[in-house]
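Reviewing the structure listed below.
Residue numbers (this note's numbering): 4 to 264.
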């Protein structure tokens, strides 16, 4: 069964108070979303948040922890995941100091294996969300993402592709997704647009995210590949767009239904 989710970072400016969080979750549920990717704001906790989500028919599709704090935080991670009713832990990115060298990526791959094994021992899946810098060429036919895929244990380390960042990396997302076959169950969705840039530099453009189906991506091909490689949880995230974020989230889920997600 395919699921529609929303990365709540899209609506980050509307969750700063208990009242705003409640109102925002209601709006998300009314749009038709089933899942959310959310970290409990400072004024609440995983147990209370889970109950609040349940009240609107929503579920948290994952818990979150900074990737470098996983080993020391395993007890809190297990508690949060149990409260939220999920067996998936999502993380943030490799630190800046390690993003531009083969040695940095190899060291990080070792850390990912340690984290993935520890989480698996505690009944949880480890899911890394990459961006575009992992695709910088570090040598002939070698990118950071290749190291992370080839030097991590497929049984312990999963990935969450993002079609916007795959496009920004210079790849065709419907093709690049194939490298994650068997390593991905979730995917971030945002469309890719270029916008006017006030510069005299020839062909200088700015990129921006946009609601699904409103930009330049080949969604039919993306959907086919995603389903072929085993992705079932499609998570919208419009974190760099120019539209009202609620309007953007609504457009995305409406277009996803039309596109056949």
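All C-beta atoms, glycine included, are put in the ideal place defined by N, C-alpha and C.
Since the structure is predicted, the reported quantities are computational estimates derived from the model, not experimental observations.
Using 10 angstroms around the beta-carbon of residue 83, count the other beta-carbons present and answer buried if the total reaches 16, otherwise exposed.
Locating residue 83 in the chain shown gives position 80, where the first residue counts as 1. That one is buried.
Have a look at residue 21 and residue 152 and give me their C-alpha separation to the nearest angstrom.
Here residue 21 refers to the residue found at position 18 when the chain shown is read from its first residue. Here residue 152 refers to the residue found at position 149 when the chain shown is read from its first residue. About 40 Å.
Skipping 5 residues on each side, what residues in its chain have a beta carbon closer than 6 Å to that of residue 154?
Residue 154 sits at position 151 when you count from the first residue of the chain shown. Once the five neighbours on either side are set aside, the close Cβ partners of residue 154 are 112.
With residue 42 and residue 67 assumed to form a contact (beta carbons below 8 Å), what rounded beta-carbon distance in angstroms separates them?
Mapped onto the chain shown, residue 42 falls at position 39. Mapped onto the chain shown, residue 67 falls at position 64. Contact holds; Cβ gap of about 5 Å.
Candidates 176, 183, 200, 220: which alpha carbon is nearest residue 194's?
Position 191 of the chain shown holds residue 194. Comparing Cα positions, the closest option is 220.
Residue 247: buried (16+ other C-beta within 10 angstroms of its C-beta) or exposed?
Counting from 1 along the chain shown, the entry for residue 247 is found at position 244. Residue 247 comes out exposed.
Provide the residue span of the alpha helix (DSSP H) that contains residue 41, from first to last.
To locate residue 41, count along the chain shown from 1; it is residue 38. That residue, residue 41, is in no alpha helix (DSSP H); it is neither H nor E in DSSP.
Consult DSSP for residue 4 and reduce its assignment to one of helix, strand or coil.
As a first step, residue 4 must be located in the chain shown, where it is residue number 1. Residue 4: coil per DSSP, three-state reduction.
Buried/exposed call for residue 105, threshold 16 Cβ in 10 Å
Looking up residue 105 in the chain shown gives position 102. The residue is exposed, with fewer than 16 neighbouring Cβ atoms inside 10 Å.
Please name the residue in 124, 89, 85, 114 whose C-alpha comes closest to that of residue 98.
Within the chain shown, residue 98 is the residue found at index 95, counting from 1. It is 114.
Per-residue burial, residue 150 [other beta carbons within 10 Å of its own, 16 or more giving buried]:
Start at 1 with the first residue of the chain shown, and residue 150 comes out as number 147. Its Cβ being crowded by 16 or more others within 10 Å, residue 150 is buried.
On the premise that residue 262 lies in contact with residue 216, defined as a C-beta separation below 8 Å, what is that separation, rounded to the nearest angstrom?
On the chain shown, position 213 is the one that residue 216 refers to. On the chain shown, position 259 is the one that residue 262 refers to. Yes, residue 216 and residue 262 are in contact; Cβ-Cβ is about 6 Å, under 8 Å.
Residue from 131, 33, 90, 25 whose Cα sits closest to the Cα of residue 191
If you number the chain shown from 1, residue 191 lands on position 188. Considering only alpha carbons, the answer is 131.
Which whole-angstrom value describes the C-beta separation of residue 60 and residue 40, a residue pair presumed to lie in contact below a C-beta threshold of 8 Å?
Locating residue 60 in the chain shown gives position 57, counting from the first residue. Locating residue 40 in the chain shown gives position 37, counting from the first residue. With a Cβ gap of about 16 Å, residue 60 and residue 40 do not count as contacting.
So, are the CB atoms of residue 241 and residue 27 less than 8 Å apart?
For the purposes of this step, residue 241 is identified with residue 238 of the chain shown, where counting begins at 1. For the purposes of this step, residue 27 is identified with residue 24 of the chain shown, where counting begins at 1. No, the Cβ-Cβ distance between residue 241 and residue 27 is not below 8 Å.
Are the CB atoms of residue 158 and residue 236 within a distance shorter than 8 Å?
Here the question's residue 236 lines up with position 233 in the chain shown. Here the question's residue 158 lines up with position 155 in the chain shown. Contact: no.
Using DSSP with H/G/I as helix, E/B as strand and the rest coil, what is residue 9?
Locating residue 9 in the chain shown gives position 6, counting from the first residue. In the structure shown, residue 9 sits in a strand (DSSP, three-state: E or B).
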